[in-house]
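Residue numbers (the numbering used here): 3 to 217.
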Amino acid sequence: MHTSPIISLENISKTYVNGTIALQDLNLEITPATLVSLVGPSGCGKSTVLRLIAGLGNMKTGAIAWNHTHNQHRLAYVFQEAALLPWATVLDNVWLPLKLAKLPKRQALVAASEAIAQVGLTGFEHCYPRELSGGMKMRVSIARVVTQPDILLMDEPFGALDEITRSKLNTDILNLQHQMQLTIIFVTHSVYEAVYLPSSHNGSASWSSDRRYCH
Ligand SMILES: Nc1ncnc2c1ncn2[C@@H]1O[C@H](COP(=O)(O)OP(=O)(O)O)[C@@H](O)[C@H]1O
Ligand SMILES: [Mg+2]
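Here it is in structure tokens:
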């Protein structure tokens, strides 16, 4: 059965004000509940694609069409830097966006705890970011966005992590994508990651552990 795309990029061209041509005649269809990898060398326009999908910046030509039969078009961006609030615990970092989205307190706390469990960090709710490893910080950053999931834009999210942690997170993001039926657009310059991610879901839904203790 053919599933209609959730986002269609049609003949997109983008030129920055300094004259740099970042994209030319790009066509791309994103199927809902799939993980799509964008792979290419530095400077080829990957981040520009994500920014345009997020509505940041104008295109020179072309259009981005959204399929309106999907009624929840909440986008979340995950960057290479986990960008957590340093003065807030893991729980508060995950809970705060829900509070800002005006979710009732109890519901927000339950959703935050569930998201923390989903990324394998139960038991670390009261740790501060400085007490966590790079991989764990990235997990918190993912927990923060999967509380309001639909479309995840991930811009080289694991690029600053060591290879072993990165490989675990790759497996885990696949499981999460499958479990929550997320649509993920995953930017990477790693050919291995780009091939591994869309093709190798193994059907299990648990996060691998890189737990360390913060107290
Ligand atoms: N704000 C900007 N102003 C001018 N040029 C930019 C800007 N952002 C990106 N570029 C240029 O556009 C091209 C694509 O950039 P980018 O989308 O960041 O590539 P990638 O994410 O694949 O490394 C590069 O040549 C980059 O230098
Ligand atoms: Mg980039």
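Just so you know, even glycine gets a beta-carbon here, dropped at the ideal spot from N, CA and C.
Keep in mind it's a predicted model, so treat the numbers as computed, not measured.
| Asked | Found |
| --- | --- |
| What three-state label does DSSP hand Leu178 in the structure shown? | helix |
| Using DSSP's beta-bridge definition, name the partner residues of Pro68. | Here residue 68 is Trp; the residue named in the question, Pro, does not match the sequence. DSSP output for Trp68 lists Ile9 as bridge partner(s). |
| What separation, rounded to the nearest whole angstrom, lies between the Cα atoms of Arg141 and Ile55? | 24 Å |
| Assign Val19 to one of three DSSP states: helix, strand, or coil. | coil |
| Quick check on this structure: which residue in Lys62, Val189 and Ser6 has the alpha carbon closest to the alpha carbon of Ile23? | Lys62 |
| Helix, strand or coil, according to DSSP, for Gln109 in the structure here? | helix |
| Can you pull the DSSP bridge partners for Ile153? | Leu77 and Thr185 |
| Kindly give me the distance between the Cβ atoms of Ala114 and Trp97, rounded to whole angstroms, as I take these residues to be in contact under 8 Å. | 4 Å |
| Return the CA-CA distance between Ser211 and Gln120, expressed in angstroms with no decimal places. | Confidence is the limiting factor: at Ser211 the pLDDT is only 48, short of 50, which leaves the residue's position unreliable and the question unanswerable from this model. |
| Could you say which of Ile14, Glu12 and Val38 lies nearest to Tyr198 if we only look at CA atoms? | Val38 |
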